[in-house]
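Per the working numbering: the sequence shown ends with 439, consecutive numbering throughout.
By construction, the Cβ of each residue, glycine as well, lies at the ideal position given by its N, Cα and C atoms.
Since the model is a prediction, treat every value here as computed from it, not as a measurement.
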Amino acid sequence: MVSGRSSGGGGGVRRGRVSERYGGPYGHAMDARRHPTGRFSVGATATLEQLEADPHALLARLREREPVSWVSALEGWLVTRRDLAMQVMRDPQTFTVDDSRFSTGQVVGPSMLTRDGEEHRRHRDPFAEAFRRGAVHARLTQLVREETEQLIDEMQPAGCAELRRSLAGPLAVAVVTRTLGIQDADADAVLGWYERIVAAVTDLTAGRPLSAQGRDAYAALSAAIGPALEREPAASLLATAASDARGLEREHVISNAAVLLFGGIETTEGMIANAVWHLLCHPDELARVRATPSVLANAIEESLRLEPAAAIVDRYATADVELAGAPIRCGELVRVSIAGANRDPEMFADPDRFDVARNNARRHLSFAHGPHACIAMHLARLEAHTALEQLLHRLPALRLDPARPSAPRGLVFRKPPQLHVRWTPWSTS
């Protein structure tokens, strides 16, 4: 750590009593008070376009001047300092996901992503064992390698590709559908459902209504998941979860499967696309990885730090609280900026620099923190490492296509909209 910050005093949470003026336990009937724009002047002028395009300079100003700021464009509080982000994510009693306004919950319904406490454990535990690091590596290393090799075999003769559509997306779909036991579903259809669900969640986060396309995509996904539940428990992770003694209802097995599918594709695709983009944008760092392949794993963590696949996570205050001096009222939306926390100079020296040898890169919060830490982080790391390793080994002249530039963007899910690359086909081995 570069320097320390006290979590006490102005940096801590001061909890008041639950407010009675909000209808329901978490305040769904918000009052109309306006937050003082003079006190939160940086947040007051922030725009959705800034947050979607290249938010890092804005997040740095917020972190320095208003680490918990009322951001009018997001209709909620935005937490950008790392220590405060960790406080929020590890305190579900004060900052909950269990709220009907939670964006992913509006699309897929109740799941491990939208429940806290014992209910969260009831939804998560039937799936947890299969996603432990040892289980992932024992069961899936060969599958991930074979799928990666096949996709690169198909790409290689062309000398160019759009990597999200040709590698990152198809790999993520193939692995997560096989893991869940829904491999009979058409891969292109699954990718299409996923993209529409991502768009629906993003729309909700930006204050737009849930689209019919998002609802229809989830309905189609649910129908595809159904047959996996009918198999013998040993034949399918979903069938195992459905038969678990804790008794998840069928609809909740499906909603959790949708969360795992959605997260498994989004996290992996974003990790691969962003890591390739960072390495190809920094030739000196790429040369370090090629010279010392053992550095690759840390390079992926550094890319995750700079551009987390999910840049924002949502919570709702369950009581009136004060966080770093910000007066948060019961029921208000509290958004944690993972992207902001990951560039906190109190933890990361020269935080905007891509450094594949950074010795604390894994201290990022890109897989969240606390009880809702990403259940599939070990699988995402395995897929990203295998994909990058094979790309760099088999396509040694890999480079960005200068005629079709791109960069990560997105309010919630950040990655290049397209990632066009070129290589010299006959230079591969």
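Residue i (DSSP reduced to helix, strand or coil)
i, result
"R111", "coil"
"R291", "For the record, residue 291 in the displayed sequence is Cys; it is not Arg. It is helical."
"E259", "coil"
"E242", "coil"
"A138", "helix"
"A171", "strand"
"P435", "helix"
"L408", "coil"
"F50", "coil"
"R419", "strand"
"P426", "coil"
"L302", "Note that residue 302 corresponds to Thr in the displayed sequence, not to Leu. Coil, per DSSP."
"T57", "coil"
"R414", "coil"
"R132", "helix"
"D163", "helix"
"R149", "helix"
"D126", "coil"
"A386", "coil"
Check whether residue i and residue j have beta carbons under 7 Å apart
i, j, result
"F358", "E295", "no"
"G380", "R100", "yes"
"D126", "D108", "yes"
"A95", "V331", "no"
"T328", "T158", "no"
"E311", "A371", "yes"
"G53", "E85", "no"
"A386", "G274", "yes"
"V299", "A378", "no"
Inter-residue Cα distance where the pair is residue i and residue j
i, j, result
"D163", "I282", "18 Å"
"A145", "S51", "49 Å"
"Q152", "L392", "11 Å"
"H133", "A184", "24 Å"
"S82", "D360", "29 Å"
"F105", "S221", "27 Å"
"T441", "T124", "No statement about residue 441 is possible, as the shown extent of the chain runs from 11 to 439 and does not include it."
"A334", "W433", "50 Å"
"F112", "A321", "16 Å"
"Q166", "H403", "12 Å"
"H262", "A297", "47 Å"
"I338", "H288", "37 Å"
"I264", "I192", "11 Å"
"D354", "L375", "11 Å"
"D64", "R241", "46 Å"
"E129", "E205", "28 Å"
"P293", "E259", "51 Å"
Contact with chain C by residue i, beta-carbon distance below 7 Å
i, result
"L161", "The chain inventory of the structure shown lacks chain C, comprising one protein chain alone."
Sequence ranges, alpha helix (DSSP H) only - wholly within the segment 311 to 380, length at least 4 = 348 to 351
Validate contact between the segment 89 to 108 and the segment 237 to 251 using beta carbons, cut 8 Å, 3 pairs = no
Specify whether the segment 169 to 182 and the segment 232 to 239 touch according to this definition: at least 3 beta carbon pairs, one from each stretch, less than 8 Å apart.
-> no
Kindly provide the ranges of any beta strand (DSSP E) runs that are 3 or more residues long and lie completely inside the segment 63 to 120, ordered along the chain.
-> 78 to 81, 86 to 89
Do the segment 211 to 225 and the segment 410 to 430 touch if we need at least three Cβ pairs shorter than 8 Å?
-> yes
Any chance you could list the alpha helix (DSSP H) runs of at least 4 consecutive residues sitting entirely within the segment 179 to 255, in chain order?
-> 179 to 190, 197 to 215, 222 to 235, 247 to 252
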